[in-house]
Amino acid sequence: MFKINENYLKLPGSYLFSTIAKKVNEFQAANPEKSVIRLGIGDVTQPLAPVIIDALHGAVDEMGKAETFHGYAPDLGYEFLRTAIAKNDYADRGCDIAADEIFVSDGAKCDSGNIQEIFSVDNKIAVCDPVYPVYVDTNVMAGRTGTYDSKTEMWSDVIYMPCTAENNFAPELPKETPDMIYLCFPNNPTGATITKDQLQVWVDYANKVGAVIIYDAAYEAYISEPDVPHTIFECEGARTCAIELKSFSKNAGFTGTRLGYTVIPKDLKCGDVMLHSLWARRHGTKYNGAPYIQQRAGEAVYSPEGKEQLAKQVAYYMNNAKVIKEGLQEAGYTVSGGVNAPYIWLKTPGTMTSWEFFDYLLANANVVGTPGSGFGPSGEGYFRLTAFGTYENTVAALERIKKM
Ligand code: MLT
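According to the numbering used here, the sequence shown is numbered sequentially starting from 2.
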């Protein structure tokens with residue numbers, strides 16, 4: 002008789018954004034006349050930029066001719082894309098990352114979920130609280146998190162690093178020493194950031210205690226302040242303690258077309274073993290690469306036209322962030338985020354819980370957001386709105402919220 006991976010049974014409820022989608026679908030079915038505005042999941046709404054569409058068309062035409070057809074992609078990704086990433090995202094920022102330390106993939110969500118596979122199940126993870134649920138859930142699936150306490154909504158073997166208004170939503174070094182530290186800046190869900198000096202403290206700490214930092218930089222394109230690092234490799238010593246995850250979803254609108262990459266420096270070792278070799282082995286065994294056409298689209302992101310067109314797209318969303326932030330402040334809410342990130346983090350009014358506010362907002366303004374408690378216990382009493390809607394919907398949502 003076969004057995005299942007019982008760790009899956011430990012997972013409480015369904016994936017956060019699936020739960021929200023189900024609730025919204027039920028509301029819409031019961032109220033077909035209501036126009037619901039979705040500012041919940043961080044999914045983009047602007048069409049792909051013209052330079053990317055051209056690159057996709059060009060690559061599709063290549064696939065239609067025997068001389069330029071491409072089958073399986075190289076394990077780590079095409080050289081043209083890895084070289085463009087190494088130059089633009091690292092060398093141009095003074096960071097020492099070689100093209101062969103970059104692994105192209107179909108997105109940062111998969112990589113952030115899969116990366117834990119190359120680590121021992123005995124490792125202890127530390128996460129910010131609130132946190133992007135993928136980091137914790139995938140460690141639950143692997144059996145690394147101990148038992149779940151439904152009262153505290155915490156796992157016995159996870160180190161939680163609360164990020165609250167008291168610490169400006171920036172985690173403090175944990176009291177108990179972790180083996181793997183998940184950090185995401187600019188942060189999902191709070192929209193907060195830390196400075197380069199603050200990140201340097203984490204890098205020094207990880208090197209000192211022998212921990213690895215899994216650094217999710219998916220929202221890097223939204224940084225507007227000068228002292229905020231664009232990559233962890235701006236910090237000295239990061240090559241011996243950090244893995245970086247990057248996505249093309251938020252900076253180039255690839256949520257539907259998929260592309261991302263992971264950086265593992267060859268200096269990052271456990272004893273004599275390079276983590277790079279383990280991830281290369283995993284990639285080669287379990288993955289056949291992001292599609293050629295998509296990697297050509299990724300290359301176009303780094304062209305001069307690509308940079309110009311995408312900067313406009315980011316500015317469009319950040320204007321939405323301003324509309325949301327200022328609108329909520331006018332309506333009397335306590336708000337943060339939205340300056341270096343496309344997420345606005347608000348305190349729920351009075352004593353309302355995050356899910357109570359979710360229901361209230363959906364029923365009274367027909368606006369969907371994300372309950373803070375869905376990201377962890379310290380998210381209780383908070384709520385996230387995304388700036389990735391259209392400008393028109395964002396303005397309309399705020400008008401409705403102000404009237405509530
Ligand atoms: C979010 O809403 O938190 C993100 O869209 C999730 C993701 O990028 O997978």
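A virtual CB, placed ideally from N, CA and C, is assigned to each residue, including glycine. Please read these numbers as outputs of a predicted model, since none were measured by experiment.
- CA-to-CA, the gap between TYR344 and ALA388 works out to about 6 Å.
- Secondary structure of PHE104 (DSSP, three-state): strand.
- Taking 8 Å as the cut-off, the C-beta of SER250 counts as close to a heavy atom of the ligand MLT.
- ALA219 and MET2 have their alpha carbons spaced roughly 42 Å apart.
- With respect to ASP198, LYS125 sits apart: the two C-beta atoms are not nearer than 9 Å.
- Apart from sequence neighbours up to five positions away, the residues of its chain that approach THR46 with a beta-carbon distance below 7 Å are PHE389, GLY390, THR391, ordered along the chain.
- In the assembly as shown, MET319 is a buried residue. Its beta-carbon has 16 or more other beta-carbons within 10 Å.
- In the structure shown, PHE389 falls within a coil segment according to DSSP collapsed to helix, strand and coil.
- If you ignore the 5 residues before and after GLN314, its C-beta comes within less than 7 Å of the C-beta of GLN47, ALA50, GLY254, all in its own chain and listed in chain order.
- The nearest non-hydrogen atom of the ligand MLT is less than 8 Å from the C-beta of ASP44.
- Per DSSP, ILE233 has no beta-bridge partner at all.
- Annotation for THR395 indicates a beta carbon at 8 Å or more from all heavy atoms of the ligand MLT.
- LYS152 and PRO378 have their C-alpha atoms spaced approximately 10 Å apart.
- When rounded, the separation of the alpha-carbon atoms in SER337 and LYS326 is 8 Å.
- Beta-bridge pairing by DSSP links PHE384 to LEU347, PRO372.
- For ASP55, the enclosing alpha helix (DSSP H) stretches over residues 51-64.
- The secondary-structure analysis by DSSP pairs ASP360 with nothing; it has no beta-bridge partner.
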